[in-house]
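Engineer: In order, the protein sequence lines correspond to chains A, B and C. Per full-length UniProt numbering, residue 1 is the first one in the first sequence, and the count goes up by one each step. Per full-length UniProt numbering, residue 1 is the first one in the second sequence, and the count goes up by one each step. Per full-length UniProt numbering, residue 1 is the first one in the third sequence, and the count goes up by one each step. Below you will find the structure I want to go over with you.
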Amino acid sequence: MDGRSNVLLVAGPSGVGKTATIHAIALHLGVTIWEWTTPTPTVWPEHLHNSNSGLQYISKLDEFEGFVERVRKYGLTSPMLKGSQASVILLVDDLPVVNGRDVYGRLQRCLTLLVQLVRIPTAIVITNYDKDDSADLSTRCWEELLVSLYSAGACKVNFNPVTVNSIKKTLTTICRKEQREVDAGSIELIAKASGGDVRHAINSLQYLCLKPHRRPILPSKERLDNVRCMDDVFSLPFGKDETLSLFHALGKFLHNKRESEHTIASVRDTFLLKEKFVRFPLKMDAPEVVLCQAHGQARTLSEFLHENVLDFLSEEAIDDAWLVASYLSDADFLLSSLNGHLSRDFGAENIIQSAAASVAARGVLFGNAHPVPSRWHAIRRPKLWEVEQSSRRNKCQMFSQRSDLYNSLTITDQIVMATEFRPSLKWLGFRASESFQADGMVEDSTCLHENKLDLSDDEIEDW
Amino acid sequence: MLWVDKYRPKTLDKVIVHQDVAQNLQKLVSEGDCPHLLFYGPSGSGKKTLIMALLRQIFGPSADKVKVENKIWKVDVSFSLNFFFFSFRMQAGTRTIDVELTTLSSTHHVELNPSDAGFQDRYVVQEIIKEMAKNRPIDTKGKKGFKVLVLNEVDKLSREAQHSLRRTMEKYSASCRLILCSNSSSKVTEAVRSRCLNVRINAPMEEEIVNVLEFIAKKEGLQIPQGFAARIAEKSNRNLRRAVLTFEACRVQQYPFTNNQAIPPMDWEQYVSEIASDIMKEQSPKRLFEVRGKLYELLTNCIPPEIILKRLLFELLKKLDSELKHEVSNWAAHYEHRMRLGQKSIFHLEAFVAKFMSIYKSFLVSTFG
Amino acid sequence: MAPVMQTSQPWVEKYRPKQVKDVAHQDEVVRVLTNTLETSNCPHMLFYGPPGTGKTTTALAIAHQLFGPELYKSRVLELNASDDRGINVVRTKIKNFAAVAVGSNRHGGYPCPPFKIIILDEADSMTQDAQNALRRTMETYSKVTRFFFICNYISRIIEPLASRCAKFRFKPLTEEIMGSRILHICKEEGLNLDSEALSTLSSISQGDLRRAITFLQSAARLFGSSISAKDLISVSGVIPNEVVQAIFSACRSGNFDLANKEVNNVIAEGYPVSQMLSQLYDIVIDADDISDEQKARICKKFAEADKCLVDGADEYLQLLNVASSTMQALSNMPQDMAF
C-alpha cells in the first residue's frame, strides 16, 4: 500500500456493490472479514425506561469511539479474533449517523485516529445519501470527512451508479438461474427505474416474481417514449421513483399541456373572468395531486422550476416571465416564513410546505400563458446550488484573508470587503485578489458535479 | 499598507472631517465619564476611525497594540427539544456549542463582528462580555479599570441578540463600556439606543473628501491637477474610504495624473451597469436568462443582493423616462423587502428584472407602436 | 494604566421622586394611592400608560414608603423584562420569594404591612404562557404577596390577570409639568437652558419625561453646561425640520430626480428613516392643502414602509418609494402596482 495507510475508503451511492466488493475480495484472498457491528439502536421510550432502571444510554458514536480506543490501545488482539491466525480485514460499514457540528467533529477525530493507527487492512464504507442538495449541512460534512480522511492517508475508491445495461444483464442472469420467465420489457423497466441501484433492482425483480401471473403494468413502447403522459409507470410498485417523479412533475408543470378550447360551455355563465386571466383547462390532474407523487419537496421543486421555466416561455412573453417570477418569489417567501422558529411546529411547516409547492407549481402553470409548442428540453439541475456553494467558499476565503491581508487596526465588514476592498485591490495588483476570477470558481464547482449532472440528464433522456 | 490605513487619523485632534464630533468626544473623555456609545452613519463616513481615535484618547498608545485572534467560544445553551412523536416539548437541558469568531484585541479593548456568528450571535455577545468583565486590567492604584467592547454591525444583530444586549449593558456597566457601531440606527432597537449616547456620523461632503485627498497627495508628494480630486470625490458617492481607495488605484494606474484620466470603477459596479444596458436593449425570457447568469456571478463574489438591486435601480433610473421611475422604484422596494424575508435572493432579484422588462416593453410598445 | 471611570448616576435615577405625592401630574392616581398608604392595605395593581409617565416611579415609591430602606430588600422583588422571564422564572423565582412568610410589625416608622410586593416591569412583554402561569401563582400566594404590574399596553395583558388588579391609567405629561421638572433638574445640575431649548425638549420628548431627562443628560455630557435647542436635537436623533421639509417640498415639486437626490442626502447624513417617516407623517397630517383622500393614500404608504423597515428592508429604497408615492398622490396620478 505504498506508504499510505492501511485504510481503504469505499464511497458511492447505495446499492452499487460496495460491501459486496469487499466481501468478494476477501473471499478471493482467503482472509476473514471482521466487521464492526453496531449496537441495536435505542428508541426513545426504551431509553426512558432504561434510564429509570439505571442503565446508561450509550450512543452509537460512543460505542464507536470506544471501539477505536480499543484498537488504538491493544491493536486487534485475540479476544476479538477468537484465536484465528488467518489474516483479517476490518470492515466498518455502518458509520454512526451524526447531526450537528460538535458530534461530527468527534466522529471525524475518531476516524482520523483509526486511519492513522490501524495496522491491519481496513475498509470503511461510506454511503452517499442524496448528494443532490449540496446546501445541506450533512452532505458538506461528509464531503469534508472524505477529504480529511484522504489527507490522513487513506486510499479512496469511488463507486459510480451501475449502468442500466449492467443491471439488465444481472437481472437476466438471476432470472435464468431462478428459472423465472420475465420478459425483457419488464427487466428494462426495472433496470431503468432502479436509478443505478442493483440491490433495489434485484428486490424489485423478486417482488415481481412473487406474483407470477401479474405482468407489471407495462407501458407499450411508444408510451415509453413519451414520458410525460406515462403516469402508470410511476405507480409501479417497485419504482425507485423519488427523484424521477419529481422530474415527471416538473415536466408536467413546465410543458403546461392544455386543452385547445373550453370543454365546459357553461363556464362563462357561472363565473366571468377578465380575458387575461382566462386559461384553458389543464390536461392533467390537479397540480397538488401531481405534487403528491413528487413527495412534495417544495424547496427543490421551486428551485428546479426557477432554473428551467424560462426555456418553456415563448420568445416574446416577458409579461409571462414576470408573472412566473413573481409567483416563485411568493413561494420562496412562504418557504422562508417559518424559518427562525427554533422550536418547530411540524404541522404548520407541512402546511406551509405544500402551500408553497402549490403556489410555485400553479404560478408556473398560470403564468406561462403562451407556452411554446412542445419540443425537447433537457431539464437542468439548478445552478443556484453551485452558486451558493462557491459563494460560501469565497466568503470563507475572504474571512481568512481579512486578518492577514490588511494590518489595519479594525475589523472590516464583510460587505465592505466584497464591494470596496477586493475590487480596489485588484486595481492595485495585489496577488491576493486572484481568487476573484468568478468564472474560474464557477467552472471549478461545475466540474465537481458534472458526473451527477450528466446523470440526471441521462435519466430524462432515457425516459 | 493601504493608504486608507496609512492616513487614518490616529488621534482625535488630527481628524480632518468630523472635527466637531471629535471635539465633543474629547470633552466627553476628559471629564472621565464615558457612557455606552452608539455610532451610526453610512458606510465609509468615518465611524471606525473615530472609535479608534477615541480608544487611543482614553487608553493611550497601548490601544494600538492589537492582536488578531480566531477564537472559538464555548457557549452553554439551554434549549428545548421537540419530540414530535411524543407531541410534547421538554427542557432537554444544556449543550455546548462552539462559535468561531475573529476578534481584535488590545489589553483594553476587544473588537468583533458578532453578526459573523450567524444566529448564535446572542450567546456570543453575552459570553464575551462575561469573560471580559472577569479579566479586567488592574491599574497602579490597585483599582480595577474598565474595558471597552467594540461591536460592529449592530444593525445586523438579531432582535434577540439586541434584547440580551441591553440586559448585559446594565449588568456589567461597572466593568465594561460598549461602543456600538451601526450603519443605520433604525435597525437598532429603541431599548439599546436609549441606553447609549447616540453619535450620528454623517457622510463627509464632497469638499471634505477633496480636502482629505489633497492632504494625502501632499504627504505622498503627488501633484494633482485641478478638479481631479473633485472627480474622485463625486464618484465616491460621499464614501471617504472608497474615495481614498480609488485615489490609490488611480495612482497605481497612471502617474503623473492627467485631468482626463479615467477613474477606475469598482468592477462589480461596471458589471451591474452592463446588466442594466442588457436589460434596456432587449426584453425577453432569453435575455432574462442571460441576466440571471450574470447575477449569479455577482452573488458568487459575495456582493450582497440588496446592494446589487440598489445599484441596478440606480443604473436603470439613469436611463428611464420620468413617468416610469415611480413604478420602477416602487417595485424595487417591493422586491428588496421580499428578498429580506425570503431565502433565495435570486428569485426576487430576477422577479424585479422581469417586472422591469415587462414595464419597459409595454412602455416601448405604447410609445413607438 | 487604565483610567478609572467614575460612573455617574443616570439622572433618571437621581431625580426619581421618592414619595408618591411627588409624582408629577398623575393626580387621581396619587390620591387613591395616598389613601392606600394610610390604611397600609393594597390590592394587586396594574399601572398602564405611555412610557415615561411615572409608572415605575410610583410603584417604587409605594414600596419604599411601605417598607422603608431596611426591609425593602427582603420584601420587594423587582423583575423587569430584560431578565429571562419564561414560565420557569416566573414559577421558581416568584415562588421562592413569596413562600417565605412575613410578619407585620411596624419598623422604623414605616407601616410594613404583612405582605410582600412583586413588581413586574414591562409586563406586556411577557409571553401568554407566562401570564397564564402567573394567574395561579397570584391566587396561591394572594395572602402574602401583592403584584404590581407595569405595562404600556393594557391590551397585551391577558384578561384574567387584568381583572384581578386595580387599574391605574397614567396620562402623558403636559408641557408645563415637564418644563417645571426639567427646570428643576437644570437648577440642581447648574445647566443653562433657554426657553427655546426648553420647548424643543418638550416637543421632541413627546410627553415622555424619562426621554426628556435622558436627552438633557446626554446633551450636558457632550456640550457642557449651556445647551441650545440645536444640541438637544442632535442628541435626540430627531431630524432637523429643514431636512424633512426639503424632502416634502421635493415631493410637492413632482420632480422625481429631485426627490431622489434628497433621499440620497438623508441616507448619507445618516438620519434614521423610521424617524423620518414619523416626522413626515406629522407634516402631512397638518398640511391644509392636501385632501383627505390624498392623506389617506400617503399614510397608507407610510404604514407599509414602516412595516417593511421593521422587517429589515433597505432604508434607501423604502424612503424613495414613500417619496415617489407621496409625489404621485399629491399630483393625483393614478396608483399603479396592480397585480
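For glycine and all other residues, C-beta sits at the position ideal for the given N, C-alpha and C.
1) From Arg75 (chain C) to Val125 (chain B), what does the alpha carbon distance come to, in whole angstroms?
2) Spatial neighbours of Gly342 (chain B) within its chain, please: CB distance less than 7 Å, with the 5 preceding and 5 following residues excluded, ordered by chain position.
3) Just the C-alpha distance for Met126 (chain C) and Val310 (chain C), rounded to the nearest angstrom, thanks.
4) Alpha carbon to alpha carbon, what distance is there between Asp62 (chain A) and Ser166 (chain A)?
5) So who's on the other strand from Trp73 (chain B), going by DSSP bridges?
6) Exposed or buried, which one is Ser331 (chain C) when buried takes at least 16 other CB atoms within 10 Å?
7) Could you round the C-beta distance between Gly367 (chain A) and Asn158 (chain A) to whole angstroms and report it? I think they count as a contact, below 8 Å.
8) For chain B, is any of its Cβ atoms less than 8 Å away from the one on Phe223 (chain C)?
9) Could you give the distance in angstroms between the alpha-carbon of Ile227 (chain C) and the alpha-carbon of Lys187 (chain C)?
10) What does DSSP give as the partner residue(s) for Lys67 (chain B) in the beta ladder?
11) Have a look at the DSSP bridge pairing and note the partners of Asn158 (chain A).
12) Which residues of chain B have a Cβ atom closer than 8 Å to the Cβ of Gly237 (chain C), listed in chain order?
13) So, do the region 162-171 of chain C and the region 188-199 of chain C have three or more beta carbon pairs nearer to each other than 8 Å?
14) Using DSSP with H/G/I as helix, E/B as strand and the rest coil, what is Ser234 (chain C)?
15) Give a yes or no on whether 8 Å exceeds the smallest Cβ distance from Arg238 (chain B) to chain A.
16) Measuring CB to CB, does Lys67 (chain B) end up less than 8 Å from Ser105 (chain B)?
17) Taking the CB atoms as reference points, tell me whether Arg146 (chain C) and Phe115 (chain C) lie closer together than 8 Å.
18) Distance check for Leu258 (chain C) and Phe368 (chain B), CA to CA, integer angstroms please.
19) Give me the subset of the region 307-326 of chain C whose CB atoms are less than 8 Å from a CB atom of chain B, sorted by chain position.
20) Quick check: Arg195 (chain B) and His36 (chain B), are their CB atoms within less than 8 Å of each other?
21) Output needed for Glu350 (chain B): all residues of its chain with C-beta closer than 6 Å, excluding positions within five of it in sequence on either side, in chain order.
22) In angstroms with no decimal places, state the Cα-to-Cα distance between Asp413 (chain A) and Leu38 (chain B).
23) Is the distance from the Cβ of Val212 (chain B) to the Cβ of Cys181 (chain B) below 8 Å?
24) I'd like to know whether the C-beta of Arg340 (chain B) is nearer than 8 Å to at least one C-beta of chain C.
25) What whole-angstrom Cβ distance do Gly41 (chain B) and Ile201 (chain B) have, given they're in contact under 8 Å?
26) Do we get a CB-CB distance below 8 Å when we pair Met284 (chain A) with the residues of chain B?
27) Which residues, in chain order, does the region 325-357 of chain B contribute to contact with chain C at a C-beta distance below 7 Å?
28) The beta strand (DSSP E) with Asn113 (chain B) in it runs from where to where?
29) Under the rule that 16 or more other beta-carbon atoms within 10 Å means buried, what is Gly207 (chain C), buried or exposed?
30) The region 8-25 of chain B: which residues have C-beta closer than 8 Å to a C-beta of chain C, in chain order?
31) Can a CB atom of chain B be found closer than 8 Å to the CB of Ile318 (chain A)?
32) If we call anything under 8 Å between Cβ atoms a contact, is Val71 (chain A) one with Leu145 (chain A)?
33) Starting from Val244 (chain B), follow its DSSP beta bridges and name the residues at the other end.
34) Could you give the distance in angstroms between the alpha-carbon of Pro371 (chain A) and the alpha-carbon of Asn256 (chain A)?
35) Run through DSSP, which three-state label would Pro371 (chain A) get?
36) Let's test the definition: count the other Cβ atoms within 10 Å of the Cβ of Val182 (chain A) and tell me whether it reaches 16, buried, or not, exposed.
Structural biologist: To lay it out plainly:
1) Locating residue 75 (chain C) in the third sequence gives position 75, counting from the first residue. Locating residue 125 (chain B) in the second sequence gives position 125, counting from the first residue. Distance between the alpha carbons of Arg75 (chain C) and Val125 (chain B) is about 33 Å.
2) Numbered from its first residue, the second sequence carries residue 342 (chain B) at position 342. Correct list, in chain order: His348.
3) Taking the third sequence and counting its residues from 1, one reaches residue 126 (chain C) at position 126. Taking the third sequence and counting its residues from 1, one reaches residue 310 (chain C) at position 310. Between Met126 (chain C) and Val310 (chain C), the C-alpha separation is close to 20 Å.
4) Along the first sequence, read from residue 1 onward, the residue named residue 166 (chain A) stands at position 166. Along the first sequence, read from residue 1 onward, the residue named residue 62 (chain A) stands at position 62. So the alpha carbons of these two residues sit roughly 40 Å apart.
5) Numbered from its first residue, the second sequence carries residue 73 (chain B) at position 73. Paired residue(s): B:Val99.
6) In the third sequence, residue 331 (chain C) corresponds to position 331, counting from 1. Burial call: exposed.
7) As a position in the first sequence, residue 367 (chain A) is number 367, starting the count at 1. As a position in the first sequence, residue 158 (chain A) is number 158, starting the count at 1. The Cβ separation is near 41 Å, so there is no contact.
8) The residue given as residue 223 (chain C) occupies position 223 in the third sequence. Chain B contact via Cβ: present.
9) As a position in the third sequence, residue 227 (chain C) is number 227, starting the count at 1. As a position in the third sequence, residue 187 (chain C) is number 187, starting the count at 1. Computed Cα separation, rounded: 13 Å.
10) Within the second sequence, the letter at position 67 stands for residue 67 (chain B). Bridge partners of Lys67 (chain B): B:Ser105.
11) In the first sequence, the residue the question calls residue 158 (chain A) occupies position 158. BP columns for Asn158 (chain A) point to A:Ala11.
12) As a position in the third sequence, residue 237 (chain C) is number 237, starting the count at 1. By Cβ distance, chain B contributes Ser185, Arg193, Asn198 and Arg200.
13) no
14) The count along the third sequence starts at 1 and reaches residue 234 (chain C) at position 234. The answer is helix: DSSP assigns Ser234 (chain C) an H, G or I state.
15) Locating residue 238 (chain B) in the second sequence gives position 238, where the first residue counts as 1. No - not a single Cβ of chain A is within 8 Å of the one on Arg238 (chain B).
16) As a first step, residue 67 (chain B) must be located in the second sequence, where it is residue number 67. As a first step, residue 105 (chain B) must be located in the second sequence, where it is residue number 105. Contact flag set, yes.
17) One-based indexing of the third sequence puts residue 146 (chain C) at position 146. One-based indexing of the third sequence puts residue 115 (chain C) at position 115. Against a cut-off of 8 Å, the Cβ pair of Phe115 (chain C) and Arg146 (chain C) comes out as a contact.
18) Along the second sequence, read from residue 1 onward, the residue named residue 368 (chain B) stands at position 368. Along the third sequence, read from residue 1 onward, the residue named residue 258 (chain C) stands at position 258. Approximately 28 Å between the Cα atoms of the pair.
19) Cys308, Leu309, Asp311, Gly312, Ala313, Asp314, Glu315, Tyr316, Leu317, Gln318, Leu320, Asn321, Ser324 and Ser325
20) Indexing the second sequence from 1 puts residue 195 (chain B) at position 195. Indexing the second sequence from 1 puts residue 36 (chain B) at position 36. In this structure, His36 (chain B) lies closer than 8 Å to Arg195 (chain B) by Cβ.
21) Numbered from its first residue, the second sequence carries residue 350 (chain B) at position 350. For Glu350 (chain B), where only same-chain residues beyond five positions count, the Cβ hits under 6 Å are Arg292.
22) Here the question's residue 413 (chain A) lines up with position 413 in the first sequence. Here the question's residue 38 (chain B) lines up with position 38 in the second sequence. One C-alpha to the other measures close to 17 Å.
23) Mapped onto the second sequence, residue 212 (chain B) falls at position 212. Mapped onto the second sequence, residue 181 (chain B) falls at position 181. Taking 8 Å as the Cβ cut-off, Val212 (chain B) and Cys181 (chain B) do not qualify as a contacting pair.
24) If you number the second sequence from 1, residue 340 (chain B) lands on position 340. With 8 Å as the cut-off, Arg340 (chain B) counts as an interface residue toward chain C.
25) Taking the second sequence and counting its residues from 1, the one referred to as residue 41 (chain B) is at position 41. Taking the second sequence and counting its residues from 1, the one referred to as residue 201 (chain B) is at position 201. That belief holds up - the Cβ atoms of Gly41 (chain B) and Ile201 (chain B) are roughly 3 Å apart, short of 8 Å.
26) Here residue 284 (chain A) corresponds to residue number 284 of the first sequence, with the count starting at 1. Not one chain B Cβ lies under 8 Å of Met284 (chain A).
27) Lys325, His326, Glu327, Ser329, Asn330, Ala332, Ala333, Glu336, His337, Arg340 and Leu341
28) Counting from 1 along the second sequence, the entry for residue 113 (chain B) is found at position 113. Asn113 (chain B) -> no beta strand (DSSP E), and no H or E assigned at all.
29) Start at 1 with the first residue of the third sequence, and residue 207 (chain C) comes out as number 207. Buried, by the Cβ-count rule.
30) Asn24
31) As a working mapping, residue 318 (chain A) is identified with position 318 in the first sequence. Interface residue, yes.
32) As a position in the first sequence, residue 71 (chain A) is number 71, starting the count at 1. As a position in the first sequence, residue 145 (chain A) is number 145, starting the count at 1. Not closer than 8 Å, so no.
33) Taking the second sequence and counting its residues from 1, one reaches residue 244 (chain B) at position 244. Val244 (chain B) is not bridged to any residue.
34) For the purposes of this step, residue 371 (chain A) is taken as residue 371 along the first sequence, with counting starting at 1. For the purposes of this step, residue 256 (chain A) is taken as residue 256 along the first sequence, with counting starting at 1. Using only the alpha carbons, I get a separation of about 7 Å.
35) Taking the first sequence and counting its residues from 1, one reaches residue 371 (chain A) at position 371. DSSP places Pro371 (chain A) in strand when its eight states are reduced to three.
36) By 1-based counting over the first sequence, the position of residue 182 (chain A) is 182. Buried: at least 16 other Cβ atoms inside 10 Å.
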